[in-house]
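Chemist:
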Amino acid sequence: TTLFRSPATVSKPVGGDKNGGTRMVKLRKMPRYYPTEDVPRKLLSHGKKPFCQHRRKLRPSITPGTVLILLNGRHRGKRVVFLKQLASGLLLATGPLVLNRIPLRRAHQKFVIATSTKIDISTVKIPKHLNDSYFKKKKLRKPKHQEGEIFDTEKDRKST
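If you want it as structure tokens, here you go:
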């Protein structure tokens with residue numbers, strides 16, 4: 010069982026009558042640039058997962074229908090009803106809008122207080138399209154500039 014090794018050099022023809030005709034050229038050349046300082050490489054830490062693979066644990070006091078008190082954001086101090094937990098781990102909660110003017114909102118469970126009050130929401134149907142991408146901010150489209158309108162920019166309205 011002999012291993013076949015690829016050659017380290019290759020013979021290449023060289024022009025000119027006094028150059029000998031061929032040269033031996035390395036296949037793997039040495040780097041032209043050497044950094045002045047060694048860049049420290051990140052070590053692969055054992056057992057660490059990226060954020061997208063984390064398990065989303067929900068506090069046991071928070072169940073669908075629990076009345077929560079928001080602690081941050083525009084509606085801090087107001088009571089909302091918890092509907093479900095989203096894939097990112099955030100909580101989907103609503104006022105409802107008709108009662109106390111709080112729309113469907115995402116909230117982190119660190120920034121809510123769970124009360125002992127529970128509301129039966131078994132009859133409420135939560136649409137499938139209410140996920141994290143639904144709540145993401147829409148990026149503004151920059152129009153392609155024609156001649157003469159270099160400084161004109163239009164903001165694209167968020168469609169609801």
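Numbering (my numbering), first residue to last: 10 to 169. Note that CB positions come from ideal geometry on N, CA and C, so glycine has one too. Predicted model, so just to flag it, every value in this text is computed and none were measured.
List the endpoints of the continuous alpha helix (DSSP H) containing residue 144.
Modeler: Counting from one through the sequence shown, the residue named residue 144 turns up at place 135. Element bounds for residue 144: 141-144.
Chemist: Could you say if the region 59-66 and the region 43-50 meet the contact criterion of at least three C-beta pairs nearer than 8 Å?
Modeler: No, the region 59-66 does not touch the region 43-50.
Chemist: Please state the DSSP three-state secondary structure of residue 120.
Modeler: Numbered from 1 along the sequence shown, position 111 holds the residue referred to as residue 120. If DSSP states are grouped into helix, strand and coil, residue 120 belongs with the helices.
Chemist: Examine the Cβ distances between the region 110-119 and the region 64-79 and report whether three or more of them are shorter than 8 Å.
Modeler: The region 110-119 vs the region 64-79: in contact.
Chemist: Tell me residue 33's beta-bridge partners as DSSP assigns them.
Modeler: Locating residue 33 in the sequence shown gives position 24, where the first residue counts as 1. Per DSSP, 20.
Chemist: State the Cα-Cα distance for the pair residue 90 and residue 47, rounded to the nearest angstrom.
Modeler: By one-based count along the sequence shown, residue 90 stands at place 81. By one-based count along the sequence shown, residue 47 stands at place 38. Going by the C-alpha atoms only, they are around 54 Å apart.
Chemist: Kindly identify the DSSP beta-bridge partner or partners of residue 150.
Modeler: Looking up residue 150 in the sequence shown gives position 141. DSSP, once it has assigned bridges, lists no residue as partnering residue 150.
Chemist: Would you identify the three-state DSSP class for residue 13, choosing helix, strand or coil?
Modeler: Reading the sequence shown from its first residue, position 4 is the one you call residue 13. Residue state, collapsed to three classes: coil.
Chemist: State the Cα-Cα distance for the pair residue 30 and residue 153, rounded to the nearest angstrom.
Modeler: For the purposes of this step, residue 30 is identified with residue 21 of the sequence shown, where counting begins at 1. For the purposes of this step, residue 153 is identified with residue 144 of the sequence shown, where counting begins at 1. Cα to Cα, the separation comes out at about 57 Å.
Chemist: If I follow the unbroken beta strand (DSSP E) through residue 92, where does it start and stop?
Modeler: Taking the first residue of the sequence shown as 1, we reach residue 92 at position 83. Residues 88-94.
Chemist: If we count Cβ pairs, one from each stretch, closer than 8 Å, do we get three or more for the region 77-87 versus the region 104-112?
Modeler: At 8 Å Cβ cutoff, the stretches touch.
Chemist: So the beta strand (DSSP E) residue 77 belongs to, where does it begin and stop?
Modeler: For the purposes of this step, residue 77 is identified with residue 68 of the sequence shown, where counting begins at 1. Counting along the chain, the beta strand (DSSP E) containing residue 77 begins and ends at 75-79.
Chemist: Let me check understanding here. Comparing Cα to Cα, which of 34, 138 and 140 lies closest to residue 16?
Modeler: Stepping through the sequence shown from its first residue, residue 16 is reached at position 7. Checking every option, the nearest Cα to that of residue 16 belongs to 34.
Chemist: Look at the Cβ atom of residue 99, then the Cβ atom of residue 92, and state whether they are nearer than 8 Å.
Modeler: What you label residue 99 is simply residue 90 of the sequence shown in a count that begins at 1. What you label residue 92 is simply residue 83 of the sequence shown in a count that begins at 1. No, these two residues do not count as a Cβ contact at 8 Å.
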